[in-house]
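Residue numbers for the sequence shown follow my numbering, beginning at 13 and rising by one.
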Amino acid sequence: MTTETIPTKPELLRLQKVVDKLLTNSRKLRVLEAGCGSATEIHLPQDAFFVGMDISAKQLERNAVAQEKILGDIQTYPLPGGEFDVILCFYLLEHLPQPELAMKNFLQAVKEEGIIILALPNVLSIWGLITKFTPHWFHVWVYRYIFGEKRAGTDDFGPFQTFSRLSTSPKQLEQFALNHNLSIEYLDLYENFRQTDMKAKYGLWWQLFAGTVKVLSFGQVATDNTDYILVLKKQKN
């Protein structure tokens, strides 16, 4: 890798410990980051060969880590079989109309005993469902005027169009793993910092809203766990 990344968010620090334990062999790693954008979230060995893939040429240009860059759609791009020791996919699946195609592509592209690391919103949460059922222009407005990100929605910066298919829920992706010879090495559900800030700001109003949602959904919609990280390992045939 050309640039070292030091995780600072609590969920990434927890993930880093898991990844360090799983990647104990001495071979040089070949790593794919799908939807690589312009940043890499975790630290991998300095001698790893890093392949970045994104549908945005501008985002690829901004990436200072990838030694090889692929401009393409992970749902349809023919990745080579059994090529990668590690596949990273951070906050991409929710933006795909057919995320199951991406998962199948990862499945055939990862080596036996290789790992797939996924990070994405929990669609079955208050945050996830609001995102799913509100239009893209509203997301851009929120990022610009609520979160203060003035370049949001311009020059290939997010937020991007979101589909958040139900097939990306934690239970559905766990079931995909069980059906396709992937072991579940790690699952971490957590609350993103934006919702944490909103809870602190709105206090009692948020508690009333979240409590109402919990009752009406019979506990099926998460009020706290907005996001999750899932680590899968491909088993030997």
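Note that CB positions come from ideal geometry on N, CA and C, so glycine has one too.
Determine the burial state of residue i: buried for a count of at least 16 other Cβ atoms within 10 Å of its Cβ, exposed for fewer.
{"i": "D239", "result": "buried"}
{"i": "D66", "result": "buried"}
{"i": "E16", "result": "Here E16 scores only 49 on pLDDT, less than 50, and its place in the model should not be relied on; the value that follows carries that caveat. By the neighbour-count rule (16 or more Cβ atoms within 10 Å), E16 is not buried but exposed."}
{"i": "N75", "result": "buried"}
{"i": "S176", "result": "buried"}
{"i": "L100", "result": "buried"}
{"i": "H293", "result": "The shown model of the chain, from 13 to 249, leaves out residue 293, and the question about it has no answer."}
{"i": "T52", "result": "buried"}
What does a CB cutoff of less than 7 angstroms around residue i pick up in its chain, not counting 5 residues either side in sequence?
{"i": "K116", "result": "none"}
{"i": "L136", "result": "S181, Q232, V233 and A234"}
{"i": "H192", "result": "L119"}
From the DSSP secondary-structure annotation, give me the bridge partner or partners of residue i.
{"i": "F96", "result": "V122"}
{"i": "E45", "result": "G64 and L100"}
{"i": "K245", "result": "I127 and S195"}
{"i": "L251", "result": "This structure does not reach residue 251, given that the chain is present from 13 up to 249, and the question cannot be answered."}
{"i": "D167", "result": "Beta-bridge pairing links D167 to no other residue."}
{"i": "L201", "result": "Y240"}
Quick one: give me the first and last residue of the alpha helix (DSSP H) that residue i is part of.
{"i": "Y89", "result": "No alpha helix (DSSP H) holds Y89; DSSP gives it neither H nor E."}
{"i": "I54", "result": "That residue, I54, is in no alpha helix (DSSP H); it is neither H nor E in DSSP."}
{"i": "P22", "result": "P22 to L34"}
{"i": "F145", "result": "I138 to F145"}
{"i": "V225", "result": "L216 to L228"}
Using beta-carbon positions only, say whether residue i and residue j come within less than 8 angstroms of one another.
{"i": "G170", "j": "K123", "result": "no"}
{"i": "F102", "j": "A121", "result": "no"}
{"i": "L72", "j": "G64", "result": "yes"}
{"i": "V154", "j": "V98", "result": "no"}
{"i": "V245", "j": "E125", "result": "A small correction: the amino acid at residue 245 is Lys; Val does not occupy that position in the sequence shown. In this structure, E125 lies closer than 8 angstroms to K245 by Cβ."}
{"i": "A46", "j": "F62", "result": "no"}
{"i": "T143", "j": "T174", "result": "yes"}
{"i": "V243", "j": "E197", "result": "yes"}
{"i": "N27", "j": "I241", "result": "Looking at the sequence provided, one finds Leu at residue 27 rather than Asn. Cβ distance < 8 angstroms, so L27 and I241 count as in contact."}
Leaving out five residues on either side along the sequence, give the residues of the same chain with a beta carbon under 6 angstroms from the beta carbon of residue i.
{"i": "D236", "result": "E203"}
{"i": "K70", "result": "D168"}
Below 8 angstroms CB to CB, which residues in the same chain sit around residue i once its five sequence neighbours on both sides are set aside?
{"i": "W218", "result": "M210 and K211"}
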